[in-house]
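Presented below is the structure to which this report refers.
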Amino acid sequence: MFAHYRLRRGLDIPLKGEADRLTVPMEPSAEYAIKPTDFKHITPKLLCKENDRVLIGTPLFSDKNRPNLLFTSPVSGRVSAIVRGDKRRLLEIRILPDNTDTAVTFPTAAPEELPREQIVDLLLQSGLWPYIIQRPYGLIARPEDTPKALFISCFNSAPLAPDYDFVFADRQEQLEMGLRVIERLCPGNIHLGLSHNTSAHSVFRRLKAHIHIFRGPHPAGNVGVQIHHVCPVGKGQVVWTLSPMGLAAIGHLFLTGMYDNSRMVALTGSACLRPQYILCRQGLQLSALHEYAAPREEEVRYVSGDPLTGDNAGPAGFLGFYHQQVTFLPEGNTRELFGWARPFRFKKFSAARTYLSYLSTCFGKTFRFDLNTNTNGGVRAFVMTGEYRKVLPMDIFVSFLLKAILAGDIDKMEALGIYEVIPEDLALCEFVCSSKVEIQQILQDGIDLMIKEMQ
Amino acid sequence: MKGIKKFTFLRSTIDAFDAFLRVPDTVTRKGSHIRDCNDLKRVMIVVVIALIPCLLFGMYNTGLQHYLASGTGAGLPGFWQIFWYGFLKVLPLVIVSYVVGLGIEFTVAQIRGHEVNEGYLVTGMLIPLIMPVTVPLWMLALAVAFAVIIGKEIFGGTGMNIWNPALLARAFLFFSYPSHMSGDDVWTDGFSGATPLAGLSEGTSWEGMASWRDMFLGFIPGSVGETSVPCILLGAALLLYTGVASWKIMASCVAGAGIICLLTGQPLHYHLVMGGFAFGCVFMATDPVTSPQTESGKWVYGLLTGAMTLIIRLYNPGYPEGMMLSILLMNTFTPLIDHYVVSINMKRRIKRTAGHGQ
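Residue numbers (the numbering used here), protein chains in the order written: chain A, 582 to 1036; chain B, 195 to 552.
Pasting the structure below:
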């Protein structure tokens, strides 16, 4: 018995550069890194020094407020640099790999035989716990909480996102083991969100949990949207979320006793020469991918993650902890004569009907657009109404929530649903906004304020 | 723009012209790396295009009414002569509206160091269209200044205003210089006759007025752009197709008028084509800034606007044109309507999340 959900609101942006279903192994990159900035609201405390020898799974830093929350090395080698930014903020811990892939071995057993505390301890020590994210706020979950449910979205609907059916096709064993482990964390309340496109042979169809089938455009694959429809988060409630990547890594730990540093990454984007999948390690330096970036007249932006929510890592940057996709986008720092006044503007995509290019969506996936990073207009006050609603299948008044955040009104933020969203859920709103408001940043600021005030 | 260092104090003015010609080269910093190519300039220009049929017809009709009134039965001159006469009458209104309004917008942007907002592109076109063609230019300039400064800039500019600036300009003249604006004597230019609406409020029978067909087609005296329903419908079609204006507001506005007509036995088809109803319903009530932001709020707002127009028309002999006042009144209530819709959403959220208890 599957529950079905039909979501009508949303938008699939027809972008060029979807990855072909072809996997090549990558040569190791010169350096790997773990970035404390990938994790929201932690205060990193270093546990290593430069030139220390580390193995896969050696703790590199912990959270000052939660000393048992460890973040571990993705490769074996030597700590080559500890990069700090303004006010000595810790940005990156870089590791020079020795390419021996020596790993710390953790003592494991069948999850059913271990008490919950021991499983939590094992996940904390191995550095896999950060995969478990809580709602509200999108922070790393607190082990002492009892979540009312644990959600895993088994498809990614973001533009150009990797196809999970393909990525996890041969990882059934790990996914099943992972499921047995988290079953111990949140007994009887594991929910999987599947797409109606998920094939009948997909590995996710064989997993045993509460299955919910979603049909509709992006952001149907966002776990926040799925929670909203299945089990909404209110004040004082906590729901945990996990990505299939995290689930497989947890399964791998309990199968082998080792930290899983392998990662299948989709290389995508219109500035990508050969959009395809690569098999690499976590924390890969993006400069290793420069042969995939198209030599174009304009610069190319290296985004770790999808084009709506990813980080602008730059060619010298590193693959993010949570990312399974690298997007190459042409920079839009050119000027277009009479841009907004052109009647057609065929090369630019708009979801609004003020341009004819929206008609391309009627032709299915045949028309693809090569969007650059230009904002296509200046920042303005909120003017148009109803834009956000069209792309957000949630019962939330986005503009009122944003105004409550800008006004710093905690009670209103709470009543308008800030517990239910994190920036990625509103990414499409930011995309379509004709006033070019930085919605994800505003929401993150609001979440930060909530955390500060609620302590 | 680097070469013009001397004029750095005019920065936002120069930037505005520059951005008008070429899309700025600003790129996204964080968040969504790609953006939709729809921006406010595009949205505003679509509304201006939607207004052009009304403007052109208004020019022709101005000439037509002039020659009809002054003609001695010798027959009307050719089409282009009629149009040219109206063109010369209407163009100064448009120029004054844009020069004064944009002048103030640029000055304010300059003082604040902001970018110039494009909202006035639409307001500047709306204002001449809802004025009687005979309005003295100094009066128009004064009204524009009032609308832009008091109606918009003191609230913080486009997007922050409470009332529709164009209607505020008209309301300003309406109450300050009633002899020019009351709507019952707008054609002092060689002709003095009541508009159909004034006739209605004075109790003239329906038979005594212009035919429904004339009122629909627009060959009657009235404000510049509001008489021709086919031209307004043309504009409405563009606004609805592009999704710039809300069909919910337009539909519920007509429905609101229909309900009052049903209750009072008035002929709805006359009221829809008379005076500023059609124009206000399509171009004014649907202003996204001053109408509700919530979808259910739009229904309430439209219904009440339509109903209020008819009530003012029928029961207030002093102000024959109800559309302007009813839209301004409902603009005032827009935050209240939104407040209730949002409160319902908040209550629904509490109920929903409680239903799934810990």
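Beta carbons are placed, not taken as given, at the ideal position from N, Cα and C, and that holds for glycine.
Just so you know, these numbers come straight off a predicted model, no measurement behind them.
DSSP-derived helix/strand/coil call for residue i
i	result
G297/B	helix
L1014/A	Strictly speaking, residue 1014/A in this sequence is Cys, with Leu absent from that position. If DSSP states are grouped into helix, strand and coil, C1014/A belongs with coil.
K597/A	coil
T317/B	helix
V380/B	For V380/B, the predicted model reports a pLDDT of 42, less than 50, meaning its position is unreliable; a value from the coordinates is still stated below. In the structure shown, V380/B sits in coil (DSSP, three-state: anything other than H, G, I, E or B).
I188/B	Outside the modelled stretch of chain B, which goes from 195 to 552, sits residue 188/B, for which no answer is possible.
G551/B	At G551/B, the pLDDT of 45 sits below 50, so the modelled position is not reliable; the number obtained from the coordinates is stated separately. Reduced to three states, the DSSP call for G551/B is coil.
G658/A	strand
Y513/B	coil
E1034/A	helix
L641/A	strand
K626/A	strand
T604/A	strand
R634/A	strand
F410/B	helix
F930/A	coil
D481/B	coil
V964/A	coil
R675/A	strand
S885/A	strand
R949/A	coil
C-beta neighbour in chain B for residue i, strict 7 Å
i	result
K929/A	yes
T954/A	yes
N957/A	yes
P888/A	yes
V804/A	no
Q1022/A	yes
N914/A	yes
L910/A	yes
F620/A	no
R589/A	no
W1039/A	As shown, chain A starts at 582 and ends at 1036. That puts residue 1039/A outside it, with no answer to give.
G759/A	no
F732/A	no
Contact with chain A by residue i, beta-carbon distance below 7 Å
i	result
Q487/B	yes
R236/B	yes
H227/B	yes
D556/B	Outside the modelled stretch of chain B, which goes from 195 to 552, sits residue 556/B, for which no answer is possible.
E347/B	no
V217/B	yes
S376/B	Low local confidence applies: a pLDDT of 49 at S376/B is under 50, so the model's placement there is unreliable, and no value is given.
G459/B	no
Q552/B	With a pLDDT of only 41 at Q552/B, under the threshold of 50, the placement of this residue in the model should not be trusted; the figure read from the coordinates follows. Yes, because at least one Cβ of chain A sits closer than 7 Å to the Cβ of Q552/B.
M319/B	no
E309/B	yes
Check whether residue i and residue j have beta carbons under 7 Å apart
i	j	result
P1004/A	Q1036/A	no
M319/B	L245/B	yes
R659/A	L671/A	no
P326/B	S417/B	yes
G838/A	T653/A	no
T639/A	V685/A	yes
P911/A	S868/A	no
G437/B	R934/A	yes
L249/B	G419/B	yes
H777/A	R796/A	yes
L641/A	I615/A	yes
Quick one: any contact between the stretch 512-523 of chain B and the stretch 493-502 of chain B, if contact means 3 or more CB pairs under 8 Å?
-> At 8 Å Cβ cutoff, the stretches touch.
Quick one: which unbroken beta strand (DSSP E) runs of 3-plus residues sit fully inside the stretch 794-872 of chain A? Chain order, please.
-> The qualifying runs are 820-823, 843-849, 857-862.
Between the stretch 1014-1022 of chain A and the stretch 956-969 of chain A, are three or more C-beta pairs nearer than 8 Å?
-> Touching, per the Cβ criterion.
Write down every uninterrupted run of the beta strand (DSSP E) in the stretch 696-778 of chain A whose length is 3 residues or greater and which is fully enclosed by it, in chain order.
-> Listed in chain order, they are 714-716, 730-734, 771-776.
Please specify which runs of the alpha helix (DSSP H), each continuous and at least 4 residues long, are wholly inside the stretch 200-265 of chain B, giving them in chain order.
-> Runs of the alpha helix (DSSP H) inside the stretch 200-265 of chain B: 205-215, 234-264.
How do the stretch 763-771 of chain A and the stretch 735-751 of chain A stand: do at least 3 beta-carbon pairs fall below 8 Å, yes or no?
-> Between the stretch 763-771 of chain A and the stretch 735-751 of chain A there are fewer than three C-beta pairs closer than 8 Å, too few to call the two in contact.
Residue ranges of each alpha helix (DSSP H) within the stretch 972-1029 of chain A, 4 or longer = Taken in chain order, the unbroken stretches of alpha helix (DSSP H) that lie wholly in the stretch 972-1029 of chain A and span 4 residues or more are 979-988, 991-996, 1008-1013.
Evaluate contact between the stretch 854-866 of chain A and the stretch 783-798 of chain A, counting only Cβ atoms and requiring at least three cross-stretch pairs below 8 Å.
-> Contact fails: fewer than three Cβ-Cβ distances are below 8 Å.
Any chance the stretch 223-238 of chain B sits against the stretch 418-425 of chain B, with 3 or more Cβ pairs inside 8 Å?
-> As far as the Cβ criterion goes, the stretch 223-238 of chain B does not touch the stretch 418-425 of chain B, which means the pair count is below three.
Determine, using beta-carbon pairs with one atom in the stretch 459-468 of chain B and one in the stretch 482-498 of chain B, whether at least three such pairs fall under 8 Å.
-> No contact exists between the stretch 459-468 of chain B and the stretch 482-498 of chain B.
So does the stretch 477-488 of chain B actually touch the stretch 354-361 of chain B, counting three or more Cβ pairs closer than 8 Å?
-> With the cut-off at 8 Å, the stretch 477-488 of chain B and the stretch 354-361 of chain B touch.
At a cut of 8 Å, does the stretch 306-318 of chain B reach the stretch 285-297 of chain B through at least three beta carbon pairs?
-> Under the 8 Å Cβ criterion, the stretch 306-318 of chain B counts as touching the stretch 285-297 of chain B, having at least three qualifying pairs.
For the stretch 590-609 of chain A and the stretch 973-985 of chain A, state whether three or more C-beta atom pairs, one from each stretch, are separated by less than 8 Å.
-> Segments in contact, yes.
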